[in-house]
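Read through the structure below, which is laid out as structure tokens, and then see the notes.
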Amino acid sequence: MTAVAQAPTAAASASKAGAADRFYPLRRALETLGAPVAALLLATAAFSLFLLALGKSPAEFWWLVWRGAFGSAFSLQNTLQRAAPLLLTALCVALPAQLGLVVIGGEGALALGGLAATVAALPLQGTWPPLVQLVMAAAGIAAGGAWIALTGLLRARRGVNETVASLVLSYIGIALFNHLVEGPLRDPSSLNKPSTWGIGDANMIGPLPGTDLHPGLPVGVIACILCWVLIFRTSTGFAARVTGGNLRAAQLQGLPVSRLIIAACALGGGFAGLAGMIEVAAVHGRANASLLAGYGYEGILIAFLARHNPLAIMPMAVLMGGIGAAGGLLQRRLDLPDATVVVLEGLIFVSILASETLYGRIRWFQPRGDR
Amino acid sequence: MGPLETVTVAMVAGALRVSTPFLFVSLGECLTERSGRINLGNEGVLVLGAMVAYATSYHTGNPWIGVAAAAVAGGLLGAVHGGVCSLARVNDVAMGIAIMLAGTGIAFFFGKPYVQPAAAQLPRIPLGFWAAEPQVRSALEVCPLFFIGIAAASAMHWFFRATRMGLRVRIVGDSADAARALGLSIDRVRLLATAAGSALAGIGGSFLSLSYPGSWNEGLSSGQGLMAVALVVFARWNPLNCVIAALIFGAAGALGPSLQTVGITKGYYLFYAAPYVVTLVILAATVRPGRALRGMPGELSIGR
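Each protein sequence line maps, in turn, to chains A and B.
Residue numbering for the first sequence follows my numbering, starting at 4 and increasing by one per position.
Residue numbering for the second sequence follows my numbering, starting at 150 and increasing by one per position.
Laid out in structure tokens, this is it:
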């Protein structure tokens, strides 16, 4: 009885709110921006206390982080060099996340993508370099995409938990990578550091014309923008977000949930594989253990920092790339172990996830219908 | 001994040795999951436990104090996971990854000075005293933690079946609504179950650094903490089954090193991946989409 009586009033107040609360979209944007910033500040404060407890100066620490990350042209270049693969590995997490999946197997996909790209380049020695690079990219994308798509397949068809499956597949992929690099595909002349044969200097991708910047940077930026368009401006992306929001509703609507899951995983894995290809073609020239630098794992953190929004991935990748780039300077100047960066990353990760609880809690950010 | 016997002995020995950390982590994960929460952070707990145990054993000279310290450190990290996850809207799977990163980072940060020095190791019980072959003798030298683990599994089985506390954990894990109706504090039960589960995982970590492989370095754990999740699914959330599951995973993990003892070194990395393949096959073979597994706690997020 009361419910019936209240219904028209509620509807009326809602429509009135829509008219009166013109600034709600702005406040909502502020909330989206404010929660991660608050979390980053909290992590900064907590880490400063940690440093104080160790008898180190937090002020000096953050000053060195700034110097090592953005303080000079050299450090900025180092930062962007690290950010380039992170843009792509973060997409490997952010795309399946639209469907509510937590996929953390980017490291294995990156390694296999780099290896497949190298192998694809070997028989094409002496041909036209752009062709070689194109074939390498295709091979990298295919290998990385297939590897993560397997996770999606297990999830969609067998109901296997995707987090565990992707990580275990990542370990299997890395084992396969090590086996091939140290066994059948090894260049016998690589003694100290087992590596495959090189792709040839002619086939390497140079830095961006006129600069010293990593060629993966524009690739990553374009990939992020395209993914943003795909997620927020296409019906496929909308279907994926509906599935992530409410699986039952998506199934009742007849959305192809299984296909969406496999496609999102394949696309994300493809980006991780492309990151591996670019690392080989632009930096290492061959596949070896240098590919296993942890970019796949750092991508997880960046995707969560960006709340799985591809546009937000760009600044977050630069931020985390910067912290990584400052690691060496911190080690030398403050005599801190290299794991310092991992502790900081862990703190940031914990506080950013805890900040999820702030959304919808602070009254000022909410729609003002009922006032 | 022939090559086949050698491999068999090496695999049994490996199963006995390698299974202990699996056993403790999976028991811890089992307890946490029975309360309705998942903790992927036990991977980080394992590494932190290994470091803390090694450092404590080095400074005190008593490995058992190291084991206790590892349990305390694990329990604290688990309490952080449990505490943050009880905030509204916090995803426990993602939080586990964050705890994994934080735990590993803290362990590497403070563990740097302990890579070189040798700490006092846990004793071993020579169960192979009757055998003539030295291989069998060394194979049957079992760490007491293995038996403590089996005792813990039996105790946990009894805890779930026959105690008031165990029943509370099961109610909270199976139906939050029922728990609320009974006036149980869901967050507190889950916090305690997560902390206790991580304390067990920390003990598993202490085995890694104080018994086998028996040293502290940054490559000590290779995902045992995460494989525990698959192991618990395989064990159908039953602590006694965790013992069998841990032995199977231990044997799979010992496959590569066993073949090495008879000179098969080719494809070392592939055999190294055997436990991961077992994990995947078990998950794919036992889980069905859209149908809850027998024994699965109803509140578990991975089941929805």
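Every residue, glycine too, gets a C-beta built ideally from N, C-alpha and C.
Nearest residue (CA-CA) to residue i, options the options
{"i": "residue 269 of chain A", "options": "A:80, A:85, A:137 and A:94", "result": "A:94"}
{"i": "residue 266 of chain B", "options": "B:205, B:258 and B:288", "result": "B:205"}
{"i": "residue 167 of chain A", "options": "A:301, A:24 and A:105", "result": "A:105"}
{"i": "residue 299 of chain A", "options": "A:286, A:320, A:288 and A:287", "result": "A:320"}
{"i": "residue 336 of chain A", "options": "A:61, A:313 and A:102", "result": "A:61"}
{"i": "residue 188 of chain A", "options": "A:195, A:151, A:290 and A:286", "result": "A:290"}
{"i": "residue 303 of chain A", "options": "B:246, B:184, B:167 and B:209", "result": "B:246"}
{"i": "residue 150 of chain A", "options": "A:127, A:138, A:117 and A:162", "result": "A:117"}
{"i": "residue 85 of chain A", "options": "A:46, A:217, A:191 and A:112", "result": "A:217"}
{"i": "residue 229 of chain B", "options": "A:370, A:353 and A:359", "result": "A:353"}
{"i": "residue 202 of chain B", "options": "B:448, B:256 and B:306", "result": "B:256"}
{"i": "residue 337 of chain B", "options": "B:239, B:157 and B:235", "result": "B:235"}
{"i": "residue 266 of chain A", "options": "A:54, A:99 and A:286", "result": "A:99"}
{"i": "residue 293 of chain B", "options": "B:426, B:165, B:308 and B:448", "result": "B:165"}
{"i": "residue 309 of chain A", "options": "A:358, A:152 and A:292", "result": "A:358"}
{"i": "residue 444 of chain B", "options": "B:320, B:214 and B:285", "result": "B:320"}
Residue i - DSSP class collapsed to helix/strand/coil
{"i": "residue 199 of chain A", "result": "strand"}
{"i": "residue 290 of chain B", "result": "strand"}
{"i": "residue 191 of chain B", "result": "helix"}
{"i": "residue 212 of chain B", "result": "helix"}
{"i": "residue 397 of chain B", "result": "helix"}
{"i": "residue 275 of chain B", "result": "strand"}
{"i": "residue 11 of chain A", "result": "Note that residue 11 of chain A has pLDDT 45, beneath the 50 cutoff, so the model's placement of it is unreliable and the number below is only indicative. Residue state, collapsed to three classes: helix."}
{"i": "residue 445 of chain B", "result": "coil"}
{"i": "residue 386 of chain B", "result": "coil"}
{"i": "residue 360 of chain A", "result": "helix"}
{"i": "residue 224 of chain B", "result": "helix"}
{"i": "residue 240 of chain B", "result": "coil"}
{"i": "residue 230 of chain B", "result": "helix"}
{"i": "residue 308 of chain B", "result": "helix"}
{"i": "residue 297 of chain B", "result": "helix"}
{"i": "residue 268 of chain B", "result": "coil"}
{"i": "residue 249 of chain A", "result": "coil"}
{"i": "residue 336 of chain B", "result": "helix"}
{"i": "residue 181 of chain A", "result": "helix"}
{"i": "residue 203 of chain B", "result": "helix"}
{"i": "residue 105 of chain A", "result": "coil"}
{"i": "residue 128 of chain A", "result": "coil"}
{"i": "residue 253 of chain B", "result": "helix"}
{"i": "residue 312 of chain A", "result": "coil"}
{"i": "residue 298 of chain A", "result": "helix"}
{"i": "residue 377 of chain A", "result": "Lying outside 4 to 374, the shown extent of chain A, residue 377 of chain A is not represented and no answer is given."}
{"i": "residue 212 of chain A", "result": "coil"}
{"i": "residue 318 of chain A", "result": "helix"}
{"i": "residue 256 of chain A", "result": "coil"}
{"i": "residue 326 of chain B", "result": "helix"}
CB-CB length for residue i against residue j, believed under 8 Å
{"i": "residue 178 of chain A", "j": "residue 422 of chain B", "result": "4 Å"}
{"i": "residue 197 of chain B", "j": "residue 174 of chain B", "result": "Contact doesn't hold; Cβ gap of about 12 Å is too wide."}
{"i": "residue 226 of chain A", "j": "residue 91 of chain A", "result": "6 Å"}
{"i": "residue 329 of chain B", "j": "residue 186 of chain B", "result": "That belief does not hold up - the Cβ atoms of residue 329 of chain B and residue 186 of chain B are roughly 16 Å apart, past 8 Å."}
{"i": "residue 97 of chain A", "j": "residue 294 of chain A", "result": "Rounded, the Cβ-Cβ distance is 21 Å, inconsistent with contact."}
{"i": "residue 271 of chain B", "j": "residue 360 of chain B", "result": "5 Å"}
{"i": "residue 368 of chain B", "j": "residue 184 of chain B", "result": "That pair is no contact at about 32 Å."}
{"i": "residue 206 of chain A", "j": "residue 124 of chain A", "result": "6 Å"}
{"i": "residue 258 of chain A", "j": "residue 242 of chain A", "result": "5 Å"}
{"i": "residue 244 of chain B", "j": "residue 356 of chain A", "result": "5 Å"}
{"i": "residue 219 of chain B", "j": "residue 351 of chain B", "result": "4 Å"}
{"i": "residue 180 of chain B", "j": "residue 346 of chain B", "result": "4 Å"}
{"i": "residue 365 of chain B", "j": "residue 264 of chain B", "result": "6 Å"}
{"i": "residue 326 of chain A", "j": "residue 40 of chain A", "result": "Wrong, their Cβ atoms sit about 16 Å apart, outside the cutoff."}
Beta-bridge pairing of residue i - partner residues as DSSP gives them
{"i": "residue 189 of chain A", "result": "A:199"}
{"i": "residue 81 of chain A", "result": "According to DSSP, residue 81 of chain A bridges with nothing at all."}
{"i": "residue 291 of chain A", "result": "A:198"}
8 Å Cβ cutoff, residue i in contact with chain D
{"i": "residue 263 of chain B", "result": "Included in the structure are the protein chains A and B, with no chain D among them."}
Item to check | Residues of the region 161-195 of chain A with Cβ closer than 8 Å to any Cβ of chain B, in chain order | outcome: Interface annotation for the region 161-195 of chain A against chain B: 161, 162, 163, 164, 166, 167, 168, 170, 171, 172, 174, 175, 178, 179, 181, 182, 185 and 186, criterion Cβ-Cβ distance under 8 Å.
Checklist entry - Which of the residues in the region 326-359 of chain A, read from start to end, lie with their CB under 7 Å from any CB of chain B? => result Residues of the region 326-359 of chain A with a Cβ closer than 7 Å to any Cβ of chain B, in chain order: 340, 342, 343, 345, 346, 348, 349, 350, 352, 353, 356, 357 and 359.
Checklist entry - When you check each C-beta in the region 386-408 of chain B against every C-beta of chain A, which residues fall closer than 7 Å? => result Answer set for the region 386-408 of chain B: empty.
Checklist entry - Using a Cβ cut-off of 8 Å, which residues of the region 292-307 of chain B contact any Cβ in chain A, in chain order? => result So the list is empty, because no residue satisfies the distance condition.
Checklist entry - Given a limit of 9 Å on CB to CB distance, which residues of the region 296-323 of chain A reach chain B? => result The region 296-323 of chain A vs chain B, Cβ under 9 Å: 300, 303, 304 and 307.
Item to check | Members of the region 134-161 of chain A near chain B, C-beta cut-off 8 Å | outcome: Listed by position, the residues of the region 134-161 of chain A near chain B (Cβ gap below 8 Å) are 157, 159, 160 and 161.
Item to check | Residues in the region 241-259 of chain B having any Cβ partner in chain A nearer than 9 Å | outcome: Residues of the region 241-259 of chain B whose Cβ lies closer than 9 Å to any Cβ of chain A, in chain order: 242, 243, 244, 245, 246, 247, 248, 249, 250, 251, 252, 253, 254, 255, 256, 257, 258 and 259.
Checklist entry - Quick one, which residues of the region 102-114 of chain A are near chain B if we go by CB-CB under 9 Å, in chain order? => result Taken in chain order, the members of the region 102-114 of chain A whose beta-carbon sits within less than 9 Å of a beta-carbon on chain B are 105 and 107.
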